[in-house]
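Protein chains in written order, with the numbering used here: chain S, 1 to 418; chain W, 419 to 836.
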């Protein structure tokens, strides 16, 4: 494996996401206004695909595009009848994100294949590199688009007709990166995704490698509280129907209840009120309407269900006050995904043989791997995120950890493809 | 007094604030998207001044503009050495506001003068109608601009250099409605402002006339809480620095403490968190920064001070958690204004003689009258706001109440100008 080549590709790929095209090689070069803006379907997105496809071709891979815009690069194995080992991730970024979230898993898989090729390592299974389209959901209405369609969770039609912020359909935004090839997951035996952790566990606890055993289930609730917009100076306290006062109660409730659940689940449970929009949000007007977005995650479905019920009950309680109306909608409801014991143990063995400190853990973030997990034997490899930061221009993974992650990935792919 | 003429002028003036120019004569004709958009300095603002000045000239008033853009219309009295009785209000509106807030006090004063003229009523003092520029603060950075400059609270320079949302200076936005005349408040004996209540007291309790004894003091606090923006899925509950959780605590604290103070002050005290802006406000991101706008009002300065200290202390408490930074700024700090006993009693007597049910009350809203109150003998006359609604396209005052208000105003002006 060639760390210099891997690094060069990752830095170059990063530059294809920054407005000024700068090559960022170290944490010290990061700045608040120089993150990646490689939204799916953008010009920079096309440039990143151009670069990757060129590199896959240089590695003599067979490059194919499917109907939703996923990109595949295949190295054949000795036995044409065996199912493939697939590895990959995504190339799109959030707004003002970092250069490793996604590309690490794509370029990492490419480097693994290049290494296998250079070593002349013989394997019977084909190895398929995958780039999933529209993972982040920052441009189009939802994320994980490519893997959702590939795994049959949403239809091709639904995927193609997703609309971005500019009103453009996904099918019209892919600049030629769509094809007729349709990969059948029945032809895939294993899937492995290398990714930064996007959380603080590895960085804080000093592990180089995280082996993902499951990806947490996720529910999103959208709560709307309607009271009565009124003049803050002339409406006596007793006559108010303040929507924000109820919203504040709900934020506190979600936080306290989540802390309680976290203690019961050894820290796996999390819930967050991330979004709050008050209307009209003017200092001298009593807020008449507040919308809240609540994110609930755990590895156990029953915990998520219990929590949602508690939130629902609290919100319904507000509605019993005359003049207060409430709504509580379920926007996303994804059950937890379990990884394959076989793949987990293969990764654990690879880390052990490379003498790297690894820990088994859950992924709190969503990944394309969760869609694959229901269909093929899947696991993920995490590497540390500096300070646990992600979806931010300050996202970084040290080169030493990048190196370790790709070495574990390469060894595990070899083992699975043997 | 001619109700039909008054009504015609008010409805016409209203039409000069609506984008479609429609004449709205009844509550039933109101609609959510047909409020007034007569921001100071806009074309509709100029049209409203053109109309008023024409009407003042028709009434043979001497029209003058001062250097900040206040407009005056003078009817001389018998004694040229006597100080004037002034009455007026503003013509500008909030965004999507109603047609009575401001114009009622201007057209009402005009109608009073027209009536006095037609009746041939003899008075020794001059009567001066005033239109104060930029009362609402919806276009420029602050409100009450005309009366602030007139009373010397801010300099002419400061006033003229206020900037609106489009980056235009006030001095460049007045379309010729600025002059060289500078009115000296030492030449004014009394000031009376007729205005809709903008609150629910008169409407709920069945009074036609409110006599304002004082205008509450007002403080605005801007609180910023900074925590740590992070991934909602991958950051364990224990490792969070959630700015919104602290903000929610503050909203609850402000509300509960304000309720307590309201009980102690027979309902006069109010405090509101009207503004809340969370960053980045995305469901799957722990809010890293929340800004809150708090509005605090009472007729007693010491209550406002006590409350501000309590808020400050609470906010400082958040900052004692490592990773949480806070800021608490005082943006506005206006002491309560007391009205003149003499003018209050004159209004009370007028209402009594007209057999109208009147109640003495506080104004929770800010008015140009509060700036005058420190310099000349001042009071305000309130008429009911339907459902207590204000700063809204649903703002309305019944014509019967408009009539009563203007009759009381006319009678009080006669008495004071006699």
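Backbone N, C-alpha and C fix where the C-beta goes; we use that ideal spot for every residue, glycine too.
Residue 81 of chain S is not a Cβ neighbour of residue 372 of chain S, given a cutoff of 7 Å. Three or more Cβ pairs drawn from the region 652 to 659 of chain W and the region 385 to 396 of chain S lie within less than 8 Å of each other, which places the two stretches in contact. Residue-level contact check: residue 685 of chain W touches chain S, since one or more beta carbons of chain S fall below 7 Å from its beta carbon.
Within the region 665 to 695 of chain W, those residues whose Cβ lies closer than 7 Å to any Cβ of chain S are, in chain order, 666, 667, 669, 670, 673, 676, 677, 680, 685, 688, 690, 691, 692, 693, 694, 695. When the alpha-carbon of residue 69 of chain S is set against those of S/87, S/268, S/147, S/137, the nearest one is in S/147. Around the CB of residue 815 of chain W, 16 or more other CB atoms lie within 10 Å, so the residue is classed as buried. A straight-line Cα-Cα distance of about 8 Å links residue 91 of chain S and residue 101 of chain S. Contact of residue 293 of chain S with chain W is assigned, a C-beta pair being separated by under 7 Å.
Contact between residue 224 of chain S and residue 289 of chain S holds, with the beta-carbon distance rounding to 7 Å and staying under 8 Å. Rounded to whole angstroms, the separation of the alpha carbons of residue 273 of chain S and residue 295 of chain S is 6 Å. For the 7 Å CB-CB criterion, residue 149 of chain S and residue 159 of chain S form a contact. Around the beta carbon of residue 667 of chain W, 16 or more other beta carbons lie within 10 angstroms, which makes this residue buried. Look at residue 318 of chain S here: in three-state DSSP terms it is helix. Just measuring C-alpha positions, the residue of W/573, W/756, W/429 sitting nearest residue 716 of chain W is W/756. Here the region 753 to 772 of chain W lies against the region 826 to 836 of chain W, with 3 or more beta-carbon pairs under 8 Å apart. DSSP places residue 725 of chain W within a helical segment (H, G or I) once states are collapsed to three. In terms of beta-carbon proximity, residue 702 of chain W lines the interface with chain S, with at least one pair separated by less than 7 Å. Around the beta carbon of residue 741 of chain W, fewer than 16 other beta carbons sit within 10 angstroms, so the residue counts as exposed. Ranked by Cα distance from residue 522 of chain W, the first of W/514, W/834, W/813, W/835 is W/813. Just so you know, the alpha carbons of residue 657 of chain W and residue 738 of chain W end up roughly 16 Å apart. Judged by pairs of C-beta atoms under 8 Å, the region 205 to 223 of chain S touches the region 397 to 406 of chain S, as three or more such pairs exist. In this structure, residue 362 of chain S sits away from residue 164 of chain S, with a CB-CB distance that is not shorter than 7 Å. Look at residue 346 of chain S: its C-beta is not under 7 Å from any C-beta on chain W. Straight across, the Cα-Cα distance linking residue 30 of chain S with residue 24 of chain S is about 7 Å.
Rounded to the nearest whole angstrom, the C-alpha separation of residue 734 of chain W and residue 186 of chain S is 59 Å. Annotated three-state conformation of residue 105 of chain S is helix, per DSSP.
Take residue 229 of chain S, set aside five residues on each side of it, and the residues of its chain with a beta-carbon closer than 8 Å to its own are 279, 280, 285, 286, 287, 288, 289, in chain order. In the DSSP assignment, residue 691 of chain W is bridged to W/712. One thing to note: residue 333 of chain S has its Cβ within 7 Å of the Cβ of residue 219 of chain S. Annotation for residue 369 of chain S: 191, 193, 215, 378, 380 place their beta carbon closer than 7 Å to its own, counting only its chain and skipping 5 residues before and after.
For residue 705 of chain W, the chain S residues whose Cβ falls inside 9 Å of its Cβ are 272, 273, 274, 275, 276, in order along the chain. Here residue 161 of chain S carries a coil assignment [DSSP, helix/strand/coil].
About 10 Å separates the beta carbons of residue 458 of chain W and residue 550 of chain W, which is beyond the 8 Å limit, so they are not a contact pair. Buried is the label assigned to residue 514 of chain W, since at least 16 other Cβ atoms lie within 10 Å of its Cβ.
Relative to residue 484 of chain W, the option among W/439, W/599, W/471 whose CA is nearest is W/599.
When CB distances to chain S are screened at a threshold of 9 Å, the residues of the region 616 to 636 of chain W falling below it are 616, 617, 618, 619, 622, 634, 636, in chain order.
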